[in-house]
Amino acid sequence: MSATFDVAGQALPAQISQLIVAGWTGRDPSAIEHHIAELAALGVARPRAVPMFYLLGAALLTQEPLIEVVGSDSSGEVEFVVFSIDGRLYVGVGSDHTDRKVEAYGVTVSKQVCPKPISKSLWPLEEVLGHWDRLVLRSWVTRGGERLLYQEGPVTRMRDPHDLMERLSGGAAALPDNAAMFCGTLPVMGPLAGGERFEIELEDPVLGRSLRHAYDVRSLPVAD
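Position 135 of the sequence shown, counted from 1, bears residue number 117 in my numbering, the numbering being contiguous throughout.
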C-alpha cells in the first residue's frame, strides 16, 4: 500500500508492504473472555493462542472515505495501529473491518475479505509513550440514519505496543520496516453489528489532540 501520511504538518511518504492484525490482545483475562464469548455467540471458534497474530495482504489498507463489502454482515472496530517507516515507529488509528458471517468459518479469511481503513495522520510513537496509558479509543456507527457511540475506553485494555511487538518478534520490541500492526479492540456497546458509516478516534487528552478517520460502507449484493 502506497500512502502519504501527515505527521505534524509534514508529509511522510510510505510503502507499507506487510500488514499484521493482532487479536485477543487484552491485558485483562476476563475482558478477553468477554470478547471471545461475544464472538462465540456468532459461531466464532476460540483462538488457539492469546494473543494471535494474523498476517494479511497490505493492499487491504486504505485511507479512502468509502469502502465496499459484500453483503451486510461486516462491521468495523477501532484499534490503534503501529507503523514502522524508515526505521521509526509511529501510531495511527484504524478499523479492523471484518465480515462477521465469514468469521464463523475462519477468522483469518474474514479479516482478509474486508478493507482496513486507517487515518491519514500519524504521531511518532515516542511522543506518546510517556503518557501512553492516558490515550482513549472511540468509535461511532451510523445505522439506519442514527449515529451511535459504539466503542469507548482506554488503550490500557490492550497490551501496550512494545509488549505486542516483543511477542510478535519473539524478543525484540520492533516491527519489520514498512510494516503496520493493528493492536486489538474494545468491547462494543450494544449489538455487534455494522452500519452505513463508521467513525474512529484515538484521543491524546494530555497533548489535547486526536487522530480521526471516518468512512462510509457500501454493501454489494450477494449473488449466489
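Cβ atoms here follow ideal geometry from the backbone N, Cα and C, with glycine treated the same way.
Please read all numbers here as calculations on a predicted model, not as lab measurements.
- Under the three-state reduction of DSSP output, methionine 140 falls in the strand class.
- In this structure, the alpha-carbon of valine -11 lies about 6 Å from that of serine 103.
- Taking 8 Å as the upper bound for CB-CB distance, valine 75 and leucine 193 are in contact here, some 5 Å apart.
- Scanning its chain for C-beta atoms nearer than 7 Å, with the 5 sequence neighbours on each side dropped, one finds around tyrosine 132 the residues Ser121, Trp122, Val123, Val170 and Met171, in chain order.
- Apart from sequence neighbours up to five positions away, no residue of its chain approaches proline 173 with a beta-carbon distance below 7 Å.
- In the three-state DSSP reduction, threonine 124 falls in the strand class (E or B).
- Close CB contacts of threonine 90 within its chain, under the 6 Å cut and outside five residues either way in sequence, are with Tyr36 (chain order).
- Taken through DSSP and simplified to helix, strand or coil, lysine 98 comes out as strand.
- Measuring C-alpha to C-alpha distances from aspartate 68 to each of Leu(-6), Val95, Arg30 and Val204 identifies Leu(-6) as the nearest.
- Glycine 176 is classed as buried because its beta carbon has at least 16 other beta carbons within 10 Å across all chains shown.
- No residue range can be given for histidine 113, since it is assigned to no alpha helix (DSSP H) and is classified by DSSP as neither H nor E.
- Secondary structure at methionine 34: strand, using DSSP grouped into helix, strand and coil.
- Per the coordinates, the alpha-carbon of glycine 112 lies some 38 Å from the alpha-carbon of glutamate 50.
- Within the same chain, Cβ atoms closer than 6 Å to the Cβ of isoleucine 182 are found at Val60, Val75, Ser77, Ser121 and His195, the five residues on either side in sequence being excluded.
- Pairing methionine 147 with alanine 161, the inter-Cα distance amounts to about 11 Å.
- Proline 187 is classed as exposed because its beta carbon has fewer than 16 other beta carbons within 10 Å across all chains shown.
- For histidine 17, the enclosing alpha helix (DSSP H) starts and ends at 11 to 22.
- In terms of Cβ geometry, aspartate 115 and threonine 138 form a close pair [threshold 7 Å].
- Arginine 82 is positioned such that its CB atom lies closer than 7 Å to that of leucine 24.
- Taking C-alpha positions only, cysteine 96 is separated from leucine 42 by approximately 7 Å.
- DSSP, reduced to helix, strand and coil, places serine 77 within a strand of the structure shown.
- Each of Met163, Gly(-9) and Glu85 was checked against the Cα of glycine 39, and the nearest Cα belongs to Met163.
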